[in-house]
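Worksheet: the structure to be examined is printed underneath.
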Amino acid sequence: MIPAERQRTILTLLGNQEVISISELTQQLDVSHMTIRRDIAKLESDGRVMSVSGGVQLTETIHIELSHDVKINQYRNEKAEIGLYASQLIKQNMTVYLDAGTTTLEIAHQLNHRNDLLVITNDFAIAGYLMNHSECSLYHTGGKVDKSNQSSVGDKAARLLREMNIDVAFVSTSSWNQRGISTPSEDKVLVKKAIVASSQQNYLVSDSSKYGKVATFHAVDIDCFDKVITDRDFPSSCTDDLSERGIDVVTV
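Under this note's numbering, read the sequence shown as residues 549 to 800, first letter to last.
In structure tokens, the structure reads:
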């Protein structure tokens, strides 16, 4: 059986059960562990499956992103730890981009004492917090308003980002995998692409619950990120895979 046939068989088997172990696949396909792991790596790079401890499962598809009000109450401890670590990477006098999201809002919460930064954001909650609690210089992108996400999206928001020279960008996402980050909203793609093109360093900040999910619109390749900052529940096998591609993974 050639690789493409094995990979189609793996997808068919996963359509009938949620998770399949590596051992079970080697028995059913009568091949070595190494062969199965290569097949899984290919399917994972295509965004079709995700590795779990000892096995594999289908990628979860996201059709609608949760609202800001819902997300802010999820994984609060993990987001706070990510925000604390990320804030420590911001050096003096940097120009910093904080992407829309509740994890990046936690980074903003750590900037109360800073008066040396220029912060750019498309997030209204972040802008409101920094206006009232920080001496940082502050730009909001403007643009089309995403009411549910409390942010600006679309070409007008992306246009401002393309005009800026950013030292470090902290990028959020509702879904990502070995291929990159994706979004249910086409308007967000322009903003994500503009961020990574305008910033010297790009850091993906995401709790591990977002990993292994995929949405309709591919936004940014995973190789565009210098560092991924996530929590301790992120699979170690995925950390190894990303490290081999030159992406530093930090779990906090």
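Just so you know, even glycine gets a beta-carbon here, dropped at the ideal spot from N, CA and C.
Everything numeric in this text was worked out from a predicted model, so none of it was measured.
Can you tell me where the alpha helix (DSSP H) holding residue i begins and where it ends?
i    : result
T609 : Careful: T609 lies outside any alpha helix (DSSP H), inside the beta strand (DSSP E) at E608 to I610.
V798 : Looking at the DSSP string, V798 is not in any alpha helix (DSSP H); the run it does join, the beta strand (DSSP E), is D796 to T799.
I630 : R624 to S635
N680 : F672 to H681
Q576 : I570 to L577
I584 : H581 to S593
Q555 : P551 to L562
H657 : T650 to H657
H616 : H616 to K619
D735 : E734 to S746
D703 : D703 to R710
Within 10 Å of its beta-carbon, does residue i have 16 or more other beta-carbons around it, so buried, or fewer, so exposed?
i    : result
G794 : exposed
K758 : buried
I729 : buried
K627 : buried
K740 : buried
S710 : A small fix is needed here, since residue 710 is Arg in this sequence, not Ser. That one is exposed.
M582 : exposed
M829 : In this structure the chain extends from 549 to 800, so residue 829 is not present and cannot be described.
I550 : exposed
D694 : buried
A763 : buried
R596 : buried
T609 : exposed
Should residue i and residue j be called a contact, given that it needs their Cβ atoms to be closer than 8 Å?
i    : j    : result
V737 : F765 : yes
S720 : D647 : yes
I584 : L591 : no
S733 : K761 : no
Y677 : H661 : no
I674 : L708 : no
Y645 : I668 : yes
I655 : S682 : no
S569 : G602 : yes
I638 : V800 : no
D788 : D755 : no
S685 : L666 : yes
S746 : N697 : no
A742 : A767 : no
D671 : N641 : no
For the beta strand (DSSP E) that residue i lies in, which residues bound it at each end?
i    : result
G728 : G728 to T731
S785 : Unbroken run through S785 is the alpha helix (DSSP H), S784 to E792; no beta strand (DSSP E).
I668 : L666 to T669
S599 : V597 to V600
F718 : I714 to V719
Give me the Cβ distance between residue i and residue j, rounded to the nearest whole Å; I'm assuming they're in contact under 8 Å.
i    : j    : result
Y633 : V798 : 7 Å
| field | Segment contact, 8 Å Cβ cut-off, at least three pairs: the stretch 774–781 with the stretch 750–762 | value | yes
| message | With three or more C-beta pairs closer than 8 Å as the rule, is the stretch 616–634 touching the stretch 678–691? | response | no
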